[in-house]
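Heads up, the thing below is written out as structure tokens.
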Amino acid sequence: MEKRVLSAEENSVLKKMFIGSHLVFTCFNMTKMEANGFTITMAPAIESIYGDDIEGKKAAYARHQSFFNTHAVAFNFIAGLCYAMERDCKEGKVPGQTIDAIKASLMGPTAGMFDSIFFNCLRVIGAGIGIGLCSQGNILGTLIFILLYGVLQSVLKYILLRLGYTLGTSFIDTIFNSGLMGVATRSASILGLMMVGAMTATTVNVPLNWVINVGETSVVVLDLFDAIYPGILSVGLVLLMMALIKKGKRPTILIIGLLVVAMLGAAAGIF
Amino acid sequence: MSITAAIACAAVYWCIYMLDQYLLSWQCLNRPLVVGPLIGFVLGDLNTGLVMGASLEAVFMGISAIGGSIPSDCLSGTIISVTYAILVGGDGAMEAGLALSLSIGTVMSSITNMFTPVWAALAPYWEKLAAECKPRKFLIQNILVDAVTALPGVIIIFLGVAFGIEGLQAGLDACPAWVMTGLSAAGSMMTAVGFGILLSMIWSADICIFFFVGFIFAKSLGLSSLGIAVIGTAIALTLFFLEKNIISAKNSMAAVGPASVPGPANSEEDFF
């Protein structure tokens, strides 16, 4: 594989994306988590790729508003990859669904990997050195911590963004030239579905706390559901939401509905 | 304690809350090691700030915030306890400050839980705004909303430093329990909407079983996401190369001529 030299346009887009990517956690919320940060990071790429193509632009912005959550450094790798994919999406080489699937499949494992590298390892090392110096009243401890943990992450964000882009471009070219895009999309969707399933198990929770008293015996309703399969309520909730969205229900309605159900349920002692 | 100190602490909280999100990745500038000396500097006792920052960092080191939920807020904890140690002073002030950091942590997380569903309910608005294709407007509104998101915390810090944390705790206890339960239940179910939207894009009947496979791997086998990713990649790659071989076999047969295509090849293709 020959080393690709990035054009001036690509370099400037990547630089803007790098700056934008620091807003990973902007307006972090439980519905879409890092979606807003991703949209802001992708904005320079979308603007440069789609230009006057309003319909394509709209679709791309909507695409990058979907649920997203990973570690702040891995975030940049995936953003770089998405830049490459969006470029080929405009040329019709990559269907939009592939981008969704690849994002969904990458966020879970990268989050786990990078959290343990940075949060559980690098931060502990940096903080260890920092604590030693600071407890003696030395301000260098703070600076070393910022340098080791913060600045290093920023530098890696820059490197991984470019890496994601170059890898993405060459990978997509290889797949496209062999005419396997359809197959690749299906494979990515399989991995994506599995990862969303795994994330459903770990993050969606229906905290039912409902006990029905019938005479002497009391029935814990959550146990009844868990007897069918542990966590079946989380799966049911996610599938219900998907079914409603496919039926054309607006997310606003769903979110307000969930809020109402939760408050009424809590008042009635169900939660 | 004092109104001036309260304003200074609230301002530091606001600045760090915003900067931690925008600079140097995440959970760096809001750590006790950075906030402790900063509060010390603002209140004119850098040395206490440094020493307290080091002790607090050790306390909060074990409390990690992986996956978006923060069990105890180290930013507010550090601000309150360092301020207490500096303003009250004397023997044992540092120890008392450390103890305070945990109680402010619980107050803070209850209040944050209260607001979680509110910010989650903004998601559809962001979707609509993004579709307007105005990145600058989107960016500015995000930053403004971030500044507003910080406000409950800013107010708690201000009241906590100015009038003590006990009052806050009492006020919180007066709120009926079901309100808290309901809000936190809503927060833990909101993610289902995000997943629902995501799933609706990649769902197709012939591969949807893998959603359940992933769920069972995580729920019943307790595998980490990296472990599930390796298994998933193995399945996805196997299928990919299988179908690739079928396609290339089909192509080479088509090159030889339609007459020589044997029956089984077609039925195999139908099978997948």
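From first to last, the protein sequence lines stand for chains A and B.
Mapping to our numbering: the first sequence position 196 is 196, numbers consecutive.
Mapping to our numbering: the second sequence position 266 is 1266, numbers consecutive.
Think of the CB as a built atom: it goes at the ideal place given N, C-alpha and C, for glycine as much as any other residue.
Note that the structure is predicted; figures quoted are calculated from it, not measured.
Listing by chain order, which chain A residues have their CB less than 7 Å from the CB of residue i?
i	result
residue 1022/B	22, 23
residue 1187/B	30
residue 1203/B	242
residue 1208/B	193
residue 1240/B	183, 184, 187
Do the CB positions of residue i and residue j come within less than 9 Å of each other?
i	j	result
residue 1140/B	residue 193/A	no
residue 30/A	residue 76/A	no
residue 107/A	residue 70/A	yes
residue 1002/B	residue 1161/B	yes
residue 1228/B	residue 109/A	yes
residue 224/A	residue 270/A	no
residue 20/A	residue 40/A	yes
residue 1232/B	residue 242/A	no
residue 83/A	residue 127/A	no
residue 1032/B	residue 1052/B	yes
residue 99/A	residue 89/A	yes
residue 1138/B	residue 36/A	yes
residue 1142/B	residue 1187/B	no
residue 142/A	residue 130/A	yes
residue 74/A	residue 1214/B	no
residue 244/A	residue 1199/B	no
residue 322/A	residue 181/A	The displayed coordinates of chain A run from 1 to 271. Any statement about residue 322/A would go beyond what the structure contains.
residue 1157/B	residue 1086/B	no
residue 206/A	residue 213/A	no
residue 56/A	residue 165/A	no
residue 23/A	residue 1189/B	no
residue 1107/B	residue 1078/B	no
residue 28/A	residue 65/A	no
Given that residue i touches chain A, what residues does it touch there, using C-beta distances under 8 Å?
i	result
residue 1116/B	29, 30
residue 1198/B	66, 67, 100, 104, 196
residue 1124/B	250, 251, 252, 255
residue 1247/B	179, 180, 183
residue 1110/B	Ordered by position in chain A, no residue passes the 8 Å Cβ test against residue 1110/B, which lies about 15 Å from the chain.
I need the straight-line Cα distance from residue i to residue j, nearest angstrom please.
i	j	result
residue 1276/B	residue 1043/B	Residue 1276/B lies beyond the stretch modelled for chain B, which goes from 1001 to 1272, so this question has no answer here.
residue 186/A	residue 150/A	38 Å
residue 1125/B	residue 25/A	17 Å
residue 260/A	residue 1008/B	39 Å
residue 1194/B	residue 140/A	43 Å
residue 184/A	residue 1208/B	16 Å
residue 1252/B	residue 1129/B	50 Å
residue 67/A	residue 251/A	12 Å
residue 179/A	residue 33/A	35 Å
residue 154/A	residue 161/A	11 Å
residue 1029/B	residue 147/A	11 Å
residue 59/A	residue 1131/B	8 Å
residue 1068/B	residue 11/A	The predicted model places residue 1068/B with a pLDDT of 41, which falls under 50 and marks its position as unreliable, so this point remains unresolved.
residue 1174/B	residue 267/A	16 Å
residue 222/A	residue 230/A	9 Å
residue 51/A	residue 1060/B	47 Å
residue 954/B	residue 15/A	For residue 954/B there is no data in the structure shown, the boundaries of chain B being 1001 and 1272.
residue 1076/B	residue 1023/B	19 Å
residue 1027/B	residue 1046/B	22 Å
residue 1020/B	residue 72/A	12 Å
residue 105/A	residue 191/A	5 Å
residue 87/A	residue 152/A	29 Å
residue 1177/B	residue 174/A	58 Å
Which chain B residues sit within Cβ distance under 8 Å of residue i?
i	result
residue 130/A	1033, 1054, 1057
residue 85/A	The premise fails here: residue 85/A is roughly 14 Å from chain B at the closest Cβ pair, so nothing lies under 8 Å.
residue 40/A	1135, 1138, 1139, 1142
residue 188/A	1236
residue 134/A	1033, 1036, 1037, 1050, 1051, 1053, 1054, 1057
residue 10/A	Within 8 Å Cβ-Cβ: nothing; residue 10/A doesn't reach chain B, min ~18 Å.
Name the chain B residues that come within less than 9 Å of residue i, Cβ to Cβ?
i	result
residue 205/A	1185, 1188, 1189, 1191
residue 17/A	Correct list: empty, because the minimum Cβ distance to chain B is about 12 Å.
residue 90/A	Result: empty, since nearest Cβ-Cβ is about 15 Å, beyond 9 Å.
Under 7 Å Cβ-Cβ, which residues of chain B neighbour residue i?
i	result
residue 200/A	1195, 1215
Taking Cβ-Cβ distances shorter than 7 Å, what residues in chain D pair up with residue i?
i	result
residue 109/A	Among the protein chains of the structure shown, namely A and B, there is no chain D.
By the criterion of Cβ-Cβ separation under 9 Å, what are the contact partners of residue i in chain A?
i	result
residue 1175/B	Under the 9 Å cutoff, chain A gives no residues; its nearest Cβ is about 12 Å from residue 1175/B.
>> Threshold first: 3 residues or longer. Then list the beta strand (DSSP E) segments lying entirely within the region 1138-1209 of chain B, N to C.
In response: At a cut-off of 3 residues, not a single continuous stretch assigned as beta strand (DSSP E) sits fully inside the region 1138-1209 of chain B.
> Taking only runs of the beta strand (DSSP E) that begin and end inside the region 167-192 of chain A, which ones reach a length of at least 3 residues, in chain order?
Replying inline: As far as the region 167-192 of chain A is concerned, it has no whole beta strand (DSSP E) run of at least 3 residues.
> When the Cβ atoms of the region 114-124 of chain A are set against those of the region 1204-1221 of chain B, are three or more pairs found closer than 8 Å?
Replying inline: Counting Cβ pairs under 8 Å, fewer than three are found: no touch.
> Using 8 Å as the Cβ pair cut-off and three pairs as the minimum, do the region 1004-1015 of chain B and the region 1148-1156 of chain B touch?
Replying inline: Yes, the region 1004-1015 of chain B is in contact with the region 1148-1156 of chain B.
> Are three or more beta carbon pairs between the region 1129-1146 of chain B and the region 170-185 of chain A nearer than 8 Å?
Replying inline: At 8 Å Cβ cutoff, the stretches do not touch.
>> Three Cβ pairs or more, each shorter than 8 Å: is that satisfied between the region 117-136 of chain A and the region 1232-1246 of chain B?
In response: Between the region 117-136 of chain A and the region 1232-1246 of chain B there are fewer than three inter-stretch CB-CB distances shorter than 8 Å, so the stretches are not counted as touching.
> Is the region 195-207 of chain A touching the region 228-235 of chain A in the sense that three or more CB pairs, one from each, lie closer than 8 Å?
Replying inline: Taking a cut-off of 8 Å on C-beta distances, the region 228-235 of chain A touches the region 195-207 of chain A, as three or more cross pairs fall below it.
> Between the region 1171-1190 of chain B and the region 1114-1121 of chain B, are three or more C-beta pairs nearer than 8 Å?
Replying inline: The region 1171-1190 of chain B vs the region 1114-1121 of chain B: in contact.
>> In chain order, what are the residue ranges of uninterrupted alpha helix (DSSP H) at least 4 long that sit wholly in the region 201-240 of chain A?
In response: Counting only runs of 4 or more, we get 221-228.
>> For a minimum of 4 consecutive residues, which ranges assigned as the alpha helix (DSSP H) are wholly contained in the region 7-78 of chain A?
In response: Here the runs fully enclosed are 8-20, 35-50, 54-63.
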